[in-house]
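Take a look at the structure below.
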Ligand code: ATP
Ligand code: MG
Ligand code: FE
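Laid out in structure tokens, this is it:
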């Protein structure tokens, strides 16, 4: 079966065609990063307008790259939430119009389910499975007992990991998006500053990054007052060490507690070199296999939406014509 995936929840307009939820036939992503850079973050109105301009072009390219036609497509899967409502609406309306015109089943997909299913291009899932989701808007540990079933066992109580990266990057006057910039600096910096680790209660799998963020602000501020200047590389390395330490340790503990057969990592921050290395080292000491998607499948794309949509398609879970953008959709 061939599923067409559409993703427009934030600042990438993406369309992909995926075979049987496992094989990418085409995967086109139009990024808006350049347009949002001068504002230092995503401007919702600008994002919506870009999606409207890009969606048909990206759709045509996805078919061209696949060398396929509409009659070969079995269903259309689209991100229905969470995300920016105006951005989501472009994808949802495009999917509905196409499903109606081409007489194809329509499937609504949760954006984070998509991030999780980006891992299925690497290897088949084995349950129970633990997913660490680290993206611009989410930091969660999710337990899956079967395809399409999600149990939240921990989440951030304040900022998401990606959000913390972007905010610290802004303080260091690095260009948007800041995550990859900090990652590069961290690789050459020294972990010379001892930033706090938010472990929370002993058995908690929740996260918190706002204390760390404040600590970084205070450290920069105090140094300035003393007339000292800290090296950006060292701040980046020390900040990243704190984030990576907590993410790795909690994921490892949760994997033991729930006796899982696989650990997967998902979301934009899964592209982080420090996190990839730390998780790989930690799980090397166990017999639990660790899956991390290749870099280009970590950030937003539509192949992951088609892969998650395939699971719903197999179960016959189709959406009705009342499918709507839901900016606060819950994963369950
Ligand atoms: P969500 O998926 O929660 O709706 P989103 O779609 O905006 O949010 P993603 O596209 O999954 O988020 O990821 C973007 C985030 O990942 C940004 O915060 C970005 O800074 C971060 N990021 C990307 N690459 C790296 C990296 N190498 N190191 C750290 N963070 C990174
Ligand atoms: Mg994005
Ligand atoms: Fe995302």
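Numbering (the UniProt record's numbering), first residue to last: 5 to 336.
Glycine included, each C-beta is placed from N, C-alpha and C at the ideal position.
By how many angstroms is the C-alpha of residue 147 removed from the C-alpha of residue 133?
6 Å
Contact check, residue 242 vs residue 196 under 8 Å by CB: the rounded distance?
6 Å
Please return the same chain residues whose Cβ sits closer than 6 Å to the Cβ of residue 172, not counting the five positions on each side in sequence.
220, 243
Short Cβ contact (8 Å threshold) for residue 114 with residue 85
yes
May I ask whether a heavy atom of ligand 1 can be found less than 7 Å away from the beta carbon of residue 303?
yes
Quick one: using the 10 Å Cβ neighbour count with 16 as the cut-off for buried, is residue 16 buried or exposed?
buried
Minimum C-alpha distance to residue 67 - residue among 8, 211, 184, 318:
8
Please determine whether the Cβ atom of residue 25 lies at a distance below 7 Å from any heavy atom of ligand 1.
no
Does residue 211 come out as helix, strand or coil in the three-state DSSP assignment?
strand
If you reduce the DSSP assignment to three classes, tell me which class residue 169 lands in.
helix
How big is the Cα-Cα spacing for residue 331 and residue 91?
10 Å
Which of helix, strand or coil DSSP assigns to residue 130
coil
Helix, strand or coil for residue 223 per DSSP?
helix
Which class does residue 234 belong to by DSSP, given the choice of helix, strand or coil?
coil
Using only alpha-carbon positions, find the residue among 240, 313, 325, 326 that is nearest to residue 77.
313
Counting only runs of 4+ residues fully inside the stretch 236 to 279, write out the alpha helix (DSSP H) ranges in chain order.
236 to 261
Indicate whether the contact test is met: 3 or more Cβ pairs, each with one atom in the stretch 297 to 316 and one in the stretch 24 to 31, closer than 8 Å.
yes
My parser needs the beta strand (DSSP E) runs of 3 or more residues fully inside the stretch 53 to 98; what are they?
79 to 85
Figure out for me which residue from 274, 164, 149, 165 has the closest Cα to the Cα of residue 336.
149
For residue 209, does the count of other Cβ atoms within 10 angstroms reach 16, so buried, or fall short, so exposed?
buried
Could you pull the start and end residues of the beta strand (DSSP E) that residue 46 belongs to?
Looking at the DSSP string, residue 46 is not in any beta strand (DSSP E), and its letter there is neither H nor E.
Taking Cβ to Cβ, would you say residue 110 is nearer than 8 Å to residue 327?
yes
Could you tell me which of 118, 299, 193 sits nearest to residue 12, measuring between CA atoms?
118
Using 7 Å as the cut-off, classify the Cβ of residue 164 as near or not near the heavy atoms of ligand 1, replying yes or no.
yes
Residue from 47, 271, 65 whose Cα sits closest to the Cα of residue 34:
65
Any contact between the stretch 187 to 194 and the stretch 277 to 294? By contact I mean 3 or more CB pairs, one from each, below 8 Å.
yes
Check residue 22 in the structure and name its three-state DSSP category.
strand
Cα separation between residue 124 and residue 295?
9 Å
If contacts are defined as beta-carbon pairs under 8 Å, then residue 270 and residue 164 qualify, I think. What distance do you get, rounded to the angstrom?
Rounded, the Cβ-Cβ distance is 13 Å, inconsistent with contact.
Leaving aside the five residues before and after residue 168 along the sequence, list all residues of the same chain whose C-beta is less than 6 Å from its C-beta, in chain order.
213, 217
Go ahead and pull the three-state DSSP assignment for residue 216.
helix
Nearest CA to the CA of residue 286: which residue from 180, 249, 302, 273?
249
Can you tell me which of 108, 159, 130, 120 puts its alpha carbon nearest to the alpha carbon of residue 143?
159
Examine ligand 3 and report whether any of its heavy atoms sits within less than 7 Å of the Cβ of residue 139.
yes
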